[in-house]
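Participant: Just dropping this structure here.
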Amino acid sequence: MLDFDIDDDFQAELDWADDFVRREVEPLDQLINHAWDLSDPLRQELIPPLQQQVRDRGLWATHLGPELGGPGYGQVKLALLNEILGRSHCAPIVFGCQAPDSGNAEILAHYGTDELKARYLEPLLRNEIVSSFSMTEPQGGSDPTQFIVRAELDGDEWVVNGEKWFSSHANFASFLITLAVTDPDATAHNRMSMFVIPADTPGVNILRNVPVYGHTDGGTHSYIRYEDVRVPADHLLGVRGQGFVVAQTRLGGGRIHHAMRTVGLVKRALDMMCERALSRTTKGELLARKQLVQAMIAESWIEIEQFRLLVLRTAWRIDKYNDYRRVLGDISAVKVAMPKVLHDVAARALQIHGSLGVSDEMPLAAWVLESFHMGLADGATEVHKTTLARQLLKSYSGTDDLFPTAHLPKLRAAAEAKHADALARHGGPSKRH
Ligand SMILES: Cc1cc2nc3c(=O)[nH]c(=O)nc-3n(C[C@H](O)[C@H](O)[C@H](O)COP(=O)(O)OP(=O)(O)OC[C@H]3O[C@@H](n4cnc5c(N)ncnc54)[C@H](O)[C@@H]3O)c2cc1C
Numbered sequence: 270m271l272d273f274d275i276d277d278d279f280q281a282e283l284d285w286a287d288d289f290v291r292r293e294v295e296p297l298d299q300l301i302n303h304a305w306d307l308s309d310p311l312r313q314e315l316i317p318p319l320q321q322q323v324r325d326r327g328l329w330a331t332h333l334g335p336e337l338g339g340p341g342y343g344q345v346k347l348a349l350l351n352e353i354l355g356r357s358h359c360a361p362i363v364f365g366c367q368a369p370d371s372g373n374a375e376i377l378a379h380y381g382t383d384e385l386k387a388r389y390l391e392p393l394l395r396n397e398i399v400s401s402f403s404m405t406e407p408q409g410g411s412d413p414t415q416f417i418v419r420a421e422l423d424g425d426e427w428v429v430n431g432e433k434w435f436s437s438h439a440n441f442a443s444f445l446i447t448l449a450v451t452d453p454d455a456t457a458h459n460r461m462s463m464f465v466i467p468a469d470t471p472g473v474n475i476l477r478n479v480p481v482y483g484h485t486d487g488g489t490h491s492y493i494r495y496e497d498v499r500v501p502a503d504h505l506l507g508v509r510g511q512g513f514v515v516a517q518t519r520l521g522g523g524r525i526h527h528a529m530r531t532v533g534l535v536k537r538a539l540d541m542m543c544e545r546a547l548s549r550t551t552k553g554e555l556l557a558r559k560q561l562v563q564a565m566i567a568e569s570w571i572e573i574e575q576f577r578l579l580v581l582r583t584a585w586r587i588d589k590y591n592d593y594r595r596v597l598g599d600i601s602a603v604k605v606a607m608p609k610v611l612h613d614v615a616a617r618a619l620q621i622h623g624s625l626g627v628s629d630e631m632p633l634a635a636w637v638l639e640s641f642h643m644g645l646a647d648g649a650t651e652v653h654k655t656t657l658a659r660q661l662l663k664s665y666s667g668t669d670d671l672f673p674t675a676h677l678p679k680l681r682a683a684a685e686a687k688h689a690d691a692l693a694r695h696g697g698p699s700k701r702h
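Under my numbering, read the sequence shown as residues 270 to 702, first letter to last.
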C-alpha cells in the first residue's frame with residue numbers, strides 16, 4: 270500500500286548528505302567557476318577529497334548498479350538524494366551523478382564494447398574525465414528527423430561531417446556521444462546512429478562555447494563543426510540506424526534526474542522567500558503579515574509539493590517497470606511541470622526580495638532564467654505536452670454516437686431503463702431535472 274515514510278536507514282543517509290552539502294559543498298559554489306572543468310587546479314584540489322568522502326559513505330553514483338560501482342538504489346532513493354543535491358552547482362559532481370555524464374555512462378554501459386568501456390566508461394564513472402552529448406543541430410532541435418550531420422563508412426572507419434549546436438560541456442569533455450545520419454535513405458527514425466567520438470580526434474572543431482544568460486561560466490554550450498572526423502567502426506553504439514533508440518536510453522533518465530534536482534532548487538527558493546518575508550518590515554509590519562505575500566508562499570508550497578509528488582511517483586514507476594517506454598508520458602508530464610514550477614516559485618521569491626531580488630547579488634533572477642533552460646534542454650515543453658497527450662489518448666476511444674457518452678439525457682434514459690420497476694413503484698425519479 271501507499272507509504273510516504275522513508276526508512277530510518279536511508280533517512281540517516283539523507284541527513285548526512287544534507288549536512289555535508291550545506292557544510293562542505295555549497296561553499297564551493299561560491300569559489301569554483303565550473304565543477305566540470307577538470308583543468309581548474311582549484312577545482313581539482315577541493316572536489317576530489319569530497320568525492321572520496323561520498324564514496325566512503327556509499328553514496329557515490331547511487332543510480333548505478335553494483336556492476337558499475339554504485340549501490341543500485343533505484344530512482345526513488347535517487348530522487349530523495351537529488352532533492353538535496355539540486356540546491357548546489359557542485360553537489361551532483363561530488364556525488365557522481367551529474368548530467369550529462371550519468372546519461373552518457375548509461376549509453377556506454379548498454380552499448381559500448383569492452384574496449385570502449387575500459388577507455389571511457391570506467392574513467393567517466395570515477396570522474397577522471399567528463400563527456401558531452403552532441404545531438405541538437407543549429408537548424409533545429411525539436412525535430413531530430415531534420416538532422417543532417419552525416420557519418421559515412423570508409424573502410425573500417427566512420428567519417429563524420431556537419432555541425433552540432435549546444436553540446437553542453439564539450440569544451441571540458443574527453444569524448445562526445447554524437448548522433449549522425451548513417452542511412453539517409455531509410456525511414457525517418459531509422460536513418461541515424463550514435464557514435465562515441467574522442468574529443469581530441471582531428472576535425473572536432475569547437476567554433477565557440479555559447480554563454481547563456483544568468484551563468485557566469487564564460488560559455489559551456491559548444492557549437493561544434495565536425496570536419497572529416499574519423500573514428501573506428503566499433504565506435505558506433507548499438508545497432509546501425511537505431512540512434513534514436515540509443516538516445517532514449519539516456520533521455521528518460523536525464524529528464525527525471527533534472528526534475529529531481531529542480532525540487533531541491535525550488536525548495537531553496539521557498540526557503541529564501543520565507544526568510545525574507547520574516548525579515549523585512551513595511552508599513553509597520555513584517556512582509557509575512559501581508560496576505561498577498563502569504564498567498565505567494567502558500568501557492569509556492571502547494572506547487573512544489575504537487576511537482577514533488579509527480580516526480581516521486583514517476584521515479585517509483587521507473588523502478589517498478591524498469592522500462593522507460595512504459596513511463597514515457599509520466600516523464601513528459603514531469604518535464605512540462607518542471608520549468609513552470611521553477612519559474613513561478615523563483616519569480617515570487619524574486620518579487621518578495623524586491624530590487625535585491627533582481628540584482629546579481631541574489632541567485633533568483635538566474636533561477637527564473639534557468640526555468641527556460643528546463644523548458645528547452647531534453648526537449649521543448651510543447652513537444653512533451655504532445656507526447657503526454659498522445660500517451661493519454663491511447664487509453665481512450667471516440668464514440669460513434671451523435672452525443673457523447675456522458676450526455677446527461679442519455680445517462681438518465683439508461684438509468685430509467687435499468688430501474689424501471691422501482692421507478693414505477695415510487696412514481697418516477699426523486700431527482701428533478
Ligand atoms: C541550457 C541548454 C543546454 C542544452 N544542452 C544540450 C546538450 O548537451 N546536447 C544537445 O544535443 N542539446 C542540448 N540542448 C539543446 C536542446 O535539446 C534544444 O534546445 C531543444 O531540443 C529545442 O531545440 P531548439 O533549441 O533548436 O528549438 P526549436 O526546435 O527551434 O524550437 C523552438 C520553439 O519552437 C516551439 N516548438 C518546437 N517544436 C514544437 C512542436 N512540435 N509543437 C509546438 N511548438 C513547438 C517551442 O516553443 C520551442 O521552444 C540544450 C539546450 C539548452 C537551452
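Glycine residues also receive a C-beta, built at the ideal position from the N, C-alpha and C atoms.
Would you kindly report the start and end of the unbroken alpha helix (DSSP H) that includes A360?
Facilitator: Taken as a continuous stretch (DSSP letters only), the alpha helix (DSSP H) holding A360 covers 360-363.
Participant: In terms of residues, what are the limits of the alpha helix (DSSP H) holding V515?
Facilitator: It spans 512-546 - the alpha helix (DSSP H) in which V515 sits, taken as one unbroken run.
Participant: Using only the alpha-carbon positions, how far apart do Q415 and H303 sit?
Facilitator: Cα-Cα distance, rounded: 32 Å.
Participant: So for M404, helix, strand or coil by DSSP?
Facilitator: In the structure shown, M404 sits in coil (DSSP, three-state: anything other than H, G, I, E or B).
Participant: In the structure shown, what three-state DSSP assignment does K559 receive?
Facilitator: If DSSP states are grouped into helix, strand and coil, K559 belongs with coil.
Participant: What does DSSP give as the partner residue(s) for W585 in the beta ladder?
Facilitator: Note: W585 sits in no beta bridge, so no partner.
Participant: How big is the Cα-Cα spacing for A693 and L662?
Facilitator: C-alpha separation (whole angstroms): 41 Å.
Participant: For the alpha helix (DSSP H) that contains V323, what are its first and last residues?
Facilitator: Where V323 is concerned, the enclosing alpha helix (DSSP H) stretches over 310-326.
Participant: Which of helix, strand or coil does DSSP assign to F279?
Facilitator: Note: F279 maps to helix in three-state DSSP.
Participant: Report yes if the CB atom of F444 is closer than 7 Å to the CB atom of S400, and no otherwise.
Facilitator: Yes; because the gap between Cβ atoms is below 7 Å, this pair is in contact.
Participant: Which class does Y593 belong to by DSSP, given the choice of helix, strand or coil?
Facilitator: In the structure shown, Y593 sits in a helix (DSSP, three-state: H, G or I).
Participant: DSSP state of L271, grouped into three classes?
Facilitator: L271 falls in the coil class under three-state DSSP.
Participant: Leaving out the 5 sequence neighbours to the left and right, which residues in its chain are closer than 6 Å to Q320 when beta-carbon positions are compared?
Facilitator: Hits under 6 Å: V363.
Participant: For the beta strand (DSSP E) containing L300, list its first residue and its last residue.
Facilitator: From DSSP, L300 is part of no beta strand (DSSP E); its letter is neither H nor E.
Participant: Taking the alpha carbon of M529 as the reference point, which residue from W285, I353, V294 has its own alpha carbon closest?
Facilitator: For the residues W285, I353, V294, the minimum Cα distance to M529 belongs to I353.
Participant: Based on the DSSP secondary-structure assignment, which residues constitute the bridge partners of H251?
Facilitator: Since the first residue of the chain shown is 270 and the last is 702, residue 251 is not available in this structure.
Participant: Restricting to Cα atoms, I'd like to know which of V562, V498, R460, H484 is closest to V473.
Facilitator: The option with the nearest alpha carbon to V473 is V498.
Participant: For ligand 1, any of its heavy atoms closer than 6 Å to the Cβ of T405?
Facilitator: Yes, the Cβ of T405 comes within 6 Å of a heavy atom of ligand 1.
Participant: Using a 10 Å radius around the Cβ and a threshold of 16 neighbouring Cβ atoms, would you call I417 buried or exposed?
Facilitator: By the neighbour-count rule (16 or more Cβ atoms within 10 Å), I417 is not buried but exposed.
Participant: Check whether the Cβ atoms of L448 and M404 lie closer than 7 Å to each other.
Facilitator: Result yes, Cβ atoms of L448 and M404 sit closer than 7 Å.
Participant: Am I right that G355 and T531 are in contact with their C-beta atoms under 8 Å? What's the rounded C-beta distance?
Facilitator: So it is a contact: roughly 6 Å between Cβ atoms.
Participant: Report whether the distance from the Cβ of F435 to the nearest heavy atom of ligand 1 is below 6 Å.
Facilitator: Yes, since a heavy atom of ligand 1 falls inside the 6 Å radius drawn around the Cβ of F435.
Participant: Report yes if the C-beta distance between D469 and T382 is below 7 Å; otherwise report no.
Facilitator: Against a cut-off of 7 Å, the Cβ pair of T382 and D469 comes out as no contact.
Participant: Should V652 be listed as close to ligand 1, given that the test is whether its C-beta is under 6 Å from any heavy atom?
Facilitator: Answer for V652: yes, Cβ within range of ligand 1.
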